[in-house]
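Here the protein sequences come in this chain order: H and L.
According to full-length UniProt numbering, the stretch in the first sequence is residues 1 to 736, in order.
According to full-length UniProt numbering, the stretch in the second sequence is residues 1 to 736, in order.
Number of protein chains: 2
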Amino acid sequence: MIARTFLLGVALAAMTTLPAHAAPSADDAHPVLTNAAAISGLGAQTEGYPLFTAELTRMRKSVDAAMKAGIDVPVPKDPGGGATHEQHKRNYMALYGAGMLYRITGDKRYADFARDMLLAYAKLYPGLGPHPAAANEAAGRLFWQSLNDSVWLVYGIQGYDAVRDALPPQDRKMIDEQVFRRMATFLSTGSPKVFDRIHNHATWANAGVGMTGYVLRDQDLVDKALKGLDKSGKAGFLRQLDLLFSPDGYYAEGPYYQRYALQPFVIFAAAIDANEPQRRIFEYRDAVVLKAIRTSIQSTYGGYFFPFNDAMPDKSLKTEELYQAVAIGYAKTHDPALLSIAQWQGRTVLTPQGLEVARALAAGKAKPFPFTSLLLRDGPDGNDGGIAVLRDGPGTKDQVLVAKNTAQGMGHGHFDRLNWILYDNGRAIVTDYGAARFLNIEAKDGGRYLPENESWAKQTVAHNTLVVDETSQFGANWKSATATPHQLWFSGDGQIRGSIAEMAGAYPGVTFRRALVQLSVKGAKSPLVLDLLRVNGSKAARYDLPLHYAGHLIDTGFALKSNVTTRPVLGQANGYQHLWVDATGTPAPDNGVVTWIEDGRFYSYRVATPGVTMVLGESGANDPRFNLRREPFILQRLDGARDAAFVSLLEPHGRYDAAAETTTGSESAVRSFTHRREGDVDVLTIGWRNAAATVVAIAEDTDPAHAHTLVLNGKAQSWKGPVGRFEMPKPEGKSR
Amino acid sequence: MIARTFLLGVALAAMTTLPAHAAPSADDAHPVLTNAAAISGLGAQTEGYPLFTAELTRMRKSVDAAMKAGIDVPVPKDPGGGATHEQHKRNYMALYGAGMLYRITGDKRYADFARDMLLAYAKLYPGLGPHPAAANEAAGRLFWQSLNDSVWLVYGIQGYDAVRDALPPQDRKMIDEQVFRRMATFLSTGSPKVFDRIHNHATWANAGVGMTGYVLRDQDLVDKALKGLDKSGKAGFLRQLDLLFSPDGYYAEGPYYQRYALQPFVIFAAAIDANEPQRRIFEYRDAVVLKAIRTSIQSTYGGYFFPFNDAMPDKSLKTEELYQAVAIGYAKTHDPALLSIAQWQGRTVLTPQGLEVARALAAGKAKPFPFTSLLLRDGPDGNDGGIAVLRDGPGTKDQVLVAKNTAQGMGHGHFDRLNWILYDNGRAIVTDYGAARFLNIEAKDGGRYLPENESWAKQTVAHNTLVVDETSQFGANWKSATATPHQLWFSGDGQIRGSIAEMAGAYPGVTFRRALVQLSVKGAKSPLVLDLLRVNGSKAARYDLPLHYAGHLIDTGFALKSNVTTRPVLGQANGYQHLWVDATGTPAPDNGVVTWIEDGRFYSYRVATPGVTMVLGESGANDPRFNLRREPFILQRLDGARDAAFVSLLEPHGRYDAAAETTTGSESAVRSFTHRREGDVDVLTIGWRNAAATVVAIAEDTDPAHAHTLVLNGKAQSWKGPVGRFEMPKPEGKSR
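Given below as structure tokens:
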């Protein structure tokens with residue numbers, strides 16, 4: 001514990017008379033990271049903007065509590081979730097908060113608190129070596145990984161910038177040199193491997209160092225942050241904007257890390273814009289920063305991020321990163337759709353940008369965010385596949401199908417080329433496990449990624465895509481996972497919505513192509529999903545196609561051989577060792593259906609894959625420390641095939657209402673589901689219970705301009721592009 | 001399909017001029033079941049009462065849709081959840097709705113629709129024999145069990161009563177005789193075993209028959225309904241009020257069936273009150289009907305009923321039964337606390353009573369419902385144990401501990417004497433499986449109770465109470481399960497809240513006593529729970545104490561022997577065959593702790609049971625049809641003991657915040673937990689991490705007037721009643 005000291009007799013101009021933002025000079029100390037004048041001394045004037053007022057109240061409560069608790073700058077000791085870890089996190093939050101509160105309220109106590117804490121860091125920091133709990137990743141000084149140190153710096157420098165002109169020169173000098181310059185040096189020249197990477201850890205380091213450069217009026221630090229340690233532009237913030245985002249603003253590591261990475265991108269961009277407007281940073285690369293904000297929001301369902309790659313499924317738009325991103329995005333674009341996101345978040349930030357959001361919301365300017373179907377291309381040039389998002393509507397309960405046809409996404413990427421997930425009725429139905437990790441829970445390996453993240457969560461079998469010979473794509477080696485899918489076709493609107501993508505190189509000699517079609521049907525509450533996965537291999541192999549789902553199994557159309565007294569595991573390695581087998585079965589052509597219920601809606605998964613064996617089971621085997629969630633799966637298995645086609649149909653239907661004790665539509669509306677190949681066209685026929693039928697024809701040739709013809713019920717039918725859809729009326733005289 | 005016919009030229013007085021309620025005579029046809037004049041012709045006048053207006057809109061939409069669909073009175077065929085089952089359910093709802101709508105709006109189309117439907121029933125009903133899908137239980141005619149027929153009658157007669165005076169005499173006669181008198185006859189003299197039971201099925205039958213008696217002006221039917229077929233009073237509605245409720249208004253089958261049973265009790269009581277006010281039915285037996293309404297509400301957490309016995313966990317106060325009960329209760333008592341329940345329900349009923357609720361709510365008269373700790377005694381005389389409810393506060397997230405020390409509760413009762421459950425932080429934490437059933441889902445045995453309800457859900461091991469030699473209490477035979485617990489002590493307020501109960505006779509030669517203490521501790525967000533279960537047996541036995549919980553296991557203090565590659569089952573029968581064993585372990589005296597997380601809060605379950613073996617596992621073995629939910633359990637096992645004490649402590653602690661990525665208090669605040677016996681006092685000592693301690697002393701003698709003394713840290717401490725609590729400050733100079 002460092003005793004609090006109080007500095008008396010420092011006279012300050014009233015906050016309301018602070019100079020407006022001006023060009024920085026080496027001598028002045030006024031805030032440079034934001035247009036602080038916009039919020040200075042606002043105080044009670046925020047009352048007309050409830051979102052801002054609420055934020056002010058919340059921050060006051062939090063910082064006042066931190067002030068009451070006294071300054072606590074402990075010697076670093078614990079890993080993530082431990083006491084010193086959490087205290088240093090609380091400190092940077094309190095520092096940031098005290099800075100904002102000082103600007104807004106003009107209350108000198110906040111500046112004093114920030115100074116006292118920073119003086120304590122000035123005593124502690126210079127003596128620190130590598131963190132004692134450092135693990136595999138780059139060691140920090142305050143935290144077990146340097147990433148957290150960078151985050152400390154991003155928050156800390158913002159708080160410091162806001163109070164710096166309230167400090168006497170000797171304190172300012174002490175803090176400048178002993179805290180911020182040392183941290184910036186450690187995180188830049190002292191950590192070249194991290195700083196010059198093309199990776200989100202580097203983005204945080206770049207942002208922290210660059211903002212420190214602005215505040216210390218040190219252009220050298222700024223230039224290193226923007227262009228890498230050698231200032232060549234081969235690394236640094238601008239290069240990351242070039243390489244980490246696709247032309248559609250999709251971030252290479254996927255939505256979960258896009259959220260995380262977004263904060264340093266938007267905050268540093270705003271700081272660059274404030275200090276070097278001539279860089280036109282928000283227009284850089286066709287406005288990729290603003291695209292990234294919108295793409296983040298599009299990559300959610302009910303506000304929760306699609307949990308691809310190493311992702312925690314409980315992450316939503318209600319996070320600090322997105323409060324910042326929405327505020328900065330709105331201040332730059334005045335797009336009223338961003339306001340409805342802020343409304344849903346119920347939060348904003350205590351910055352000039354947050355004030356703009358709160359003002360505009362209070363003025364009733366919000367418009368609905370245009371959630372829509374779209375293809376988010378991956379790769380710096382947009383050529384590395386992408387994420388295909390098919391939305392049945394913009395509502396929070398409308399069905400969304402997401403096909404993951406992206407590149408690897410580096411070390412946090414999963415081996416899941418041509419994976420897909422489905423949301424329906426407000427819930428995740430076809431699921432992605434995400435990461436095996438209990439974030440910040442110390443008893444679970446200090447909150448770090450668990451061994452099961454490698455042995456299970458990243459493996460191909462943990463996803464809804466093809467597994468060859470019980471191995472993972474690319475042998476589960478991400479450094480060799482360079483081959484990417486080709487997105488062959490995408491259609492986001494109308495009666496024929498779908499995605500076709502192809503993957504070669506994930507398994508030696510194997511090419512597979514997947515068509516996913518979202519099929520709106522009259523009278524159905526939600527679309528059906530057709531899934532055609534064709535494999536071409538160079539030799540006979542075991543092909544598995546898992547489907548991980550959420551819900552309680554209700555019924556199967558085929559007989560099951562059940563393991564009810566001892567439960568075996570499915571395999572030995574590559575994730576298979578984590579799968580318990582509950583039952584297996586071999587469906588006949590007309591009974592390959594499994595039905596489950598989730599939140600009062602039924603889902604029937606129907607397969608027309610000839611010769612398939614079905615495996616039903618659950619994750620959680622070989623898990624002595626209870627690190628895994630236990631979630632059900634269905635697996636289609638084909639043995640000894642070289643070329644094969646997995647043909648599946650998922651149908652949401654019916655409703656069980658617990659309060660009213662009523663059930664409707666618990667039976668599938670589908671009577672039959674068949675597949676045949678005619679020339680280079682796959683013909684999938686859904687026979688309805690009323691004896692009508694829907695035929696979906698999928699051509700090998702995916703050129704949207706090419707026409708195809710097929711004879712159905714004796715009549716030639718034509719369509720353009722790869723997918724055709726035809727309704728066959730029910731024959732005369734037939735009924736259910 | 002019966003063609004709709006329209007009756008023309010029937011002149012009716014305008015609804016607003018209908019005569020007010022008058023004594024019935026054999027000739028008149030005006031409504032008798034409610035004071036229909038209160039709502040007659042209200043129409044647009046309901047606009048100031050939004051709850052009623054919303055109900056009107058909802059009912060109109062539903063009945064208009066039914067009218068548009070046309071009358072469909074199918075020949076009975078399907079079991080629960082099937083098409084004919086659901087159609088007959090829809091019909092009685094539509095009939096009831098049409099009746100209410102006719103009264104409120106005066107729109108003759110509703111009366112015509114009710115008449116047409118009833119005429120269709122008049123054609124169908126007389127020809128019906130026992131239902132073709134009848135199972136074990138008493139067969140109905142319209143439905144697979146006669147219970148549903150009774151429910152049809154309860155709704156149908158109310159709808160008919162409301163339109164009867166709008167019908168021409170010949171139609172009225174046809175419907176009187178061919179539908180209602182036949183149904184009433186079938187359900188009374190035609191089904192004597194059901195009608196004269198003391199059981200909720202009989203209550204529905206009594207209510208339907210009795211109300212039919214009032215409507216048909218047939219006092220004989222009324223008298224049979226009130227006093228049984230022989231009118232002796234040994235059966236019938238009044239006898240059920242005597243025997244099925246305790247003096248505290250607790251219903252013998254438990255909260256779930258209390259909800260279900262409540263509807264015929266309150267509706268028939270209201271009808272009796274309207275027709276025979278001299279019976280003072282709402283004052284009967286110290287106002288037991290009104291007590292039953294309040295007790296139902298007290299038996300909930302967050303609006304959901306405690307899921308004891310055969311219960312579906314998704315049942316809340318948002319059900320038709322409780323809309324009726326709250327409206328009838330409010331109309332009778334004008335207790336403003338009932339209004340807040342109606343507010344939470346967001347619903348009411350289209351009756352004069354519902355109108356009163358809506359009016360009072362619109363006038364802002366609602367007050368919070370006084371959720372509180374209480375002992376709900378069981379048994380007609382209150383001597384058969386009871387349910388001890390310990391609430392940490394009235395809020396929806398406040399901790400609630402419920403000890404189930406009741407009698408069997410007949411055929412839907414579980415073998416779970418001295419079971420307990422815990423809610424905390426808005427969630428069920430220590431759980432009761434409830435029933436093994438998928439209500440109204442046809443693919444699951446027609447929606448009936450599943451075989452696993454007998455083999456698992458009712459068995460003792462499926463509950464959180466003592467199991468002797470892997471068998472269930474009373475050999476799982478409910479007819480011989482006559483012995484009841486003794487509630488020895490209950491304290492619902494202050495620093496010492498708890499329940500002590502004793503059970504003898506559930507196992508031959510075994511008596512066991514359980515003390516559960518809810519321990520509020522300064523600084524803890526939620527109380528800790530102390531659990532002392534002492535067993536005295538006549539011979540060495542295997543004693544098991546399961547704890548079924550909700551959450552993800554985080555850590556154990558002791559080493560585990562895990563079954564990670566094949567998973568065995570725990571036993572062969574009595575529910576044990578449904579338990580998978582994940583791991584076993586033998587804790588040392590200082591490390592017997594298991595920690596899990598649920599919804600961001602940690603729970604540490606600490607045992608101080610000497611010589612105990614711990615079993616960790618999950619339900620779901622021997623379940624080839626996936627009928628069971630898979631839920632985790634911890635089991636304490638003692639082998640070869642005669643007398644034993646299971647000593648456990650459950651501590652909620654900490655918080656994981658996913659949005660803010662912060663974790664606090666993930667470590668238990670408890671450093672040690674010990675138990676010793678001094679004379680006739682059990683001494684449980686909780687040592688805190690800060691070196692202070694809390695001692696709870698539990699005396700054998702449970703007389704609340706008796707004083708006890710114990711020497712603690714060299715100082716004599718005294719207390720009165722069985723439970724004493726003493727805080728030991730931390731010794732000088734010690735810290736964490």
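Ideal placement from N, C-alpha and C gives every residue a C-beta, glycine not left out.
Only counting runs of 3 or more residues, tell me where the beta strand (DSSP E) segments fall wholly within the region 530–575 of chain L, in order along the chain.
-> Taking only runs of at least 3 residues, the beta strand (DSSP E) segments lying wholly in the region 530–575 of chain L are 552–556.
Please say whether Ala-133(L) and Ser-188(L) have beta carbons closer to each other than 9 Å?
-> no
Would you mind telling me which residues of chain H sit closer than 8 Å to Trp-580(L), beta carbon to beta carbon, in chain order?
-> Arg-567
Pull out every residue of the region 615–626 of chain H whose Cβ sits closer than 9 Å to any Cβ of chain L, in chain order.
-> Leu-616, Glu-618, Gly-620, Ala-621, Asn-622, Asp-623, Pro-624, Arg-625, Phe-626
Residues of the region 538–568 of chain L with Cβ closer than 8 Å to any Cβ of chain H, in chain order = His-552, Leu-553, Ile-554, Asp-555, Leu-560, Ser-562, Val-564, Thr-565, Thr-566, Arg-567, Pro-568
Skipping 5 residues on each side, what residues in its chain have a beta carbon closer than 7 Å to that of Arg-285(L)?
-> Answer for Arg-285(L): Leu-241, Asp-242, listed in chain order.
Of all the beta strand (DSSP E) runs that stay within the bounds of the region 481–535 of chain H, which reach a length of 3 or more residues?
-> 486–491, 497–507, 510–519
Three-state secondary structure (DSSP) at Arg-60(L)?
-> The three-state reading of DSSP puts Arg-60(L) in helix, counting H, G and I together.
Just tell me which of Lys-479(H), Asp-314(H), Leu-579(H), Ser-668(H) has its CA closest to the CA of Val-461(H).
-> Leu-579(H)
Would you identify the three-state DSSP class for Gln-399(L), choosing helix, strand or coil?
-> Gln-399(L) carries a coil assignment under DSSP once its states are collapsed to helix, strand and coil.
With 16 other CB atoms within 10 Å as the buried threshold, where does Glu-678(L) fall?
-> With a 10 Å radius around the Cβ and a threshold of 16 neighbouring Cβ atoms, Glu-678(L) comes out exposed.
Is there a Cβ from chain L that is less than 9 Å from the Cβ of Asn-440(H)?
-> yes
Is the CB-CB distance between Phe-558(L) and Ile-421(L) below 9 Å?
-> no
Have a look at Val-194(H), Leu-519(H), Val-468(H), Gly-523(H) and flag the residue whose alpha-carbon is nearest the alpha-carbon of Ala-540(H).
-> Val-468(H)
Which same chain residues, not among the five before or five after His-414(H), have their C-beta less than 6 Å away from its C-beta?
-> Asn-309, Lys-458
Would the beta-carbon of Ala-166(H) fall within 9 Å of that of Tyr-102(H)?
-> yes
On the DSSP bridge assignment, give the partners of Asn-405(L) in chain order.
-> Gly-386(L)
Please list the residues of the region 308–335 of chain L that have a C-beta atom closer than 8 Å to any C-beta atom in chain H, keeping them in chain order.
-> Met-312, Asp-314, Lys-315, Ser-316, Lys-318, Thr-319, Glu-320
How many Å lie between Trp-478(H) and Asn-690(L) at the Cα?
-> 48 Å
Which residues, in chain order, does the region 376–392 of chain L contribute to contact with chain H at a C-beta distance below 8 Å?
-> none
Measure from the C-beta of Tyr-155(H) to each C-beta in chain L and report whether the shortest distance is under 9 Å.
-> no
Does DSSP put Lys-291(L) in a helix, in a strand, or in coil?
-> helix
Validate contact between the region 663–670 of chain L and the region 487–501 of chain L using beta carbons, cut 8 Å, 3 pairs | no
Inside the region 655–736 of chain L only - beta strand (DSSP E) runs reaching at least 3 residues | 655–657, 662–664, 670–678, 681–688, 693–699, 707–712, 715–720, 723–728
Quick one: what's got a C-beta closer than 8 Å to Val-288(H)'s C-beta in the same chain, skipping five residues either side?
-> Leu-241, Phe-245, Pro-247, Gly-249
Provide the residue span of the beta strand (DSSP E) that contains Asp-424(L), from first to last.
-> Annotation: the continuous beta strand (DSSP E) that includes Asp-424(L) extends over 419–424.
In chain H, which residues lie with their C-beta within 9 Å of the C-beta of Glu-598(L)?
-> Neighbours of Glu-598(L) on chain H: none; closest Cβ ~13 Å, over 9 Å.
Check whether the region 33–43 of chain L touches the region 391–402 of chain L, counting contact only when three or more Cβ pairs, one atom from each stretch, lie closer than 8 Å.
-> no
Cα-Cα separation between Met-728(H) and Lys-715(H), rounded to whole angstroms = 11 Å
List the DSSP bridge partners of Gln-636(H).
-> Leu-545(H), Met-614(H)
Given Gly-509(H) as reference, the closest of Leu-533(H), Ser-538(H), Ala-481(H), Gln-495(H) once Cα atoms are compared = Ser-538(H)
Validate contact between the region 641–657 of chain L and the region 596–612 of chain L using beta carbons, cut 8 Å, 3 pairs | yes
Measure the alpha-carbon distance for Thr-57(H) versus Gln-343(H) and round it to whole angstroms.
-> 18 Å
So what does DSSP say about Glu-454(L), is it helix, strand or coil?
-> helix
Report the neighbours of Arg-630(L) on chain H: residues whose CB is nearer than 7 Å to its CB, in chain order.
-> Arg-630
Contact list for Ser-666(H) against chain L, beta-carbon separation under 8 Å | Gly-81, Ile-441, Glu-442, Ala-443
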